[in-house]
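Right, one structure below, let's go through it.
Number of protein chains: 2
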Amino acid sequence: MNDKDIAPLLEYIDNYVKLTEGEKKLIELHVSKRKYLKGQYIVQQGDICDYECFVINGCTRTFYLDASGSEHTVMFAIKNWWTSDLGSFTTRTPAIYNVQCLDNTEVLQFTYETLEFLYDQIPKLERFFRLIIERAFVASEKRIVSNFSLTAKEKYVKFQSQYPEIEQKVPQYMIASYLGITKEFLSKIRREMKK
Amino acid sequence: MNDKDIAPLLEYIDNYVKLTEGEKKLIELHVSKRKYLKGQYIVQQGDICDYECFVINGCTRTFYLDASGSEHTVMFAIKNWWTSDLGSFTTRTPAIYNVQCLDNTEVLQFTYETLEFLYDQIPKLERFFRLIIERAFVASEKRIVSNFSLTAKEKYVKFQSQYPEIEQKVPQYMIASYLGITKEFLSKIRREMKK
DNA sequence: CGTCTATTTGAATGTACTCAAAAGCGGTGG
DNA sequence: CCACCGCTTTTGAGTACATTCAAATAGACG
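If you want it as structure tokens, here you go:
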């Protein structure tokens, strides 16, 4: 077993494109593994986001702190998810989101330069990232529609069935902020659901 | 002037990747131009979405008809925008959205097979679509956050400044459904804003 | 001019929010 | 082992933003 075991990432990539052994080695050479402690920030609002991260284990949440000081959760990430402030990462501009670890979390990281280098060396990776971002975009549009067409309770029920593992790892008030409702109201929804 | 003038598309692509003359010819050979009349549907909910479309002129809206029969506008598209039901197009499954022309609209269309062929022939196109979908995804996430953190009036004001051309082309009730509010309430917001 | 669709208006209603306070829960130290 | 602390969740009362419904008005088009 290697200290920098990138098998989970390679397996994941293999679902989308087929890499040669040489290409796998090249990725291994350029990706770095990093451990964050519970509470640490991978990205902070205002900084330029340096990494595109693939989560090996643990849990993160991406949130936005608005002018009035309230938090809005943009996404969570667990095992085999990607996380970053993609807008900041790709355009090298200050991040608008924070990415915080909710548990001790291990990630594999690509810097911007690394990723550009790898795109150049392994054109298949362009295809790979195109495919996963297509999926992310489709999911994001669906979330917009859900937010419009569902009541708070329906959104919560849908969230539970869609992301059962996340529901268990994450405090309730963060789920509320992911759903776009207040923690108090989510608590009332749950009370009502018990009957 | 060619009957199938794809210059607007080539110019657009040129902002992201540099194509050779041969590559441009190849695209020209495989893309088709099509004119839709006002009111026509490019995609209908339930059908498999056959085309990825680049809008040359005119205007479209993408919307979702929910179980209770109300419409939710997912996006609009004008000159130099892309439109499709991307989830349906990429996975060859029934569309969940309708794409309807709000004006006579000319588009350049790629079928799934065409696009796969072109990805294969012109790997730079993988990069191109990766880049534009990255942007679309970032915009989509921002919209989610806006919807959470802004009041209806703030969302409307933001929409006006972000998409002034669209506001002029599109009936008010569709803007309301894009913002996730009722047409009546948007009307009240506008009344209040006149003072 | 008449018809169809889009927009406006107002009254009643509802879903979700705010604020403040209490209760629960997990960890830490005396 | 209990007491205390900080953080999360629950509760309730009052409120606000936005919806629903029904009807009137305005605009576009043949």
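Respectively, the protein sequence lines represent chains A and B. Here my numbering is used: the first sequence runs in plain steps of one and ends on residue 195. Here my numbering is used: the second sequence runs in plain steps of one and ends on residue 1195. Ideal Cβ positions, reconstructed from N, Cα and C, are used throughout, including at glycine. A quick note: this is a predicted structure, and the numbers were derived from the prediction, not measured.
The beta strand (DSSP E) enclosing residue i, as first and last residue numbers
| i | result |
| --- | --- |
| A77(A) | 71 to 78 |
| V170(A) | No beta strand (DSSP E) holds V170(A); DSSP gives it neither H nor E. |
| Y64(A) | 59 to 65 |
| S32(A) | 32 to 36 |
| Y1156(B) | Run containing Y1156(B): none in the beta strand (DSSP E); it sits in the alpha helix (DSSP H), 1152 to 1162. |
| V1043(B) | 1041 to 1043 |
| C1101(B) | 1098 to 1101 |
Under 8 Å between C-beta atoms of residue i and residue j
| i | j | result |
| --- | --- | --- |
| V145(A) | A95(A) | no |
| K1169(B) | C1059(B) | yes |
| C101(A) | K18(A) | no |
| E1165(B) | F1159(B) | no |
Buried versus exposed, by CB contacts within 10 Å (16 or more), residue i
| i | result |
| --- | --- |
| Q40(A) | exposed |
| K124(A) | buried |
| K155(A) | buried |
| R1092(B) | exposed |
| A67(A) | exposed |
| N15(A) | exposed |
| M1(A) | Interpretation of M1(A) is limited by its pLDDT of 47, a score under 50 that renders its predicted location unreliable; no figure is taken from the coordinates. |
| M1174(B) | buried |
| E116(A) | exposed |
| G87(A) | buried |
| R1130(B) | buried |
Residue i - containing alpha helix (DSSP H), residue span
| i | result |
| --- | --- |
| Q121(A) | 112 to 121 |
| N147(A) | 124 to 149 |
| S1187(B) | 1183 to 1194 |
| G1087(B) | 1086 to 1091 |
| P985(B) | Within the shown structure, residues of chain B are numbered from 1001 to 1195, placing residue 985(B) beyond reach of any answer. |
| D14(A) | 7 to 14 |
Distance between beta carbons of residue j and residue i, contact taken as under 8 Å
| i | j | result |
| --- | --- | --- |
| H1072(B) | F148(A) | 5 Å |
| E1028(B) | I1006(B) | 5 Å |
| L1231(B) | L1108(B) | Here chain B covers residues 1001 to 1195 and nothing more, so residue 1231(B) does not appear. |
| Y51(A) | T111(A) | 6 Å |
Top-ranked residue by Cα proximity to residue i, from the options
| i | options | result |
| --- | --- | --- |
| V138(A) | I1181(B), S1177(B), T1090(B) | T1090(B) |
| N57(A) | F63(A), S70(A), F76(A), I48(A) | F76(A) |
| L1179(B) | V1157(B), I1013(B), Y1119(B) | V1157(B) |
| I1189(B) | R1061(B), K1153(B), F1110(B) | K1153(B) |
| L150(A) | S1161(B), R1127(B), S1140(B), I1181(B) | I1181(B) |
| W81(A) | N98(A), C53(A), T62(A), Y64(A) | C53(A) |
| T105(A) | L26(A), T111(A), I122(A), I78(A) | I78(A) |
| A176(A) | I133(A), F63(A), L118(A) | F63(A) |
Contact test: residue i Cβ vs the ligand ADP heavy atom, cutoff 7 Å
| i | result |
| --- | --- |
| F63(A) | Here there are no bound small molecules, and the ligand ADP is not part of this structure. |
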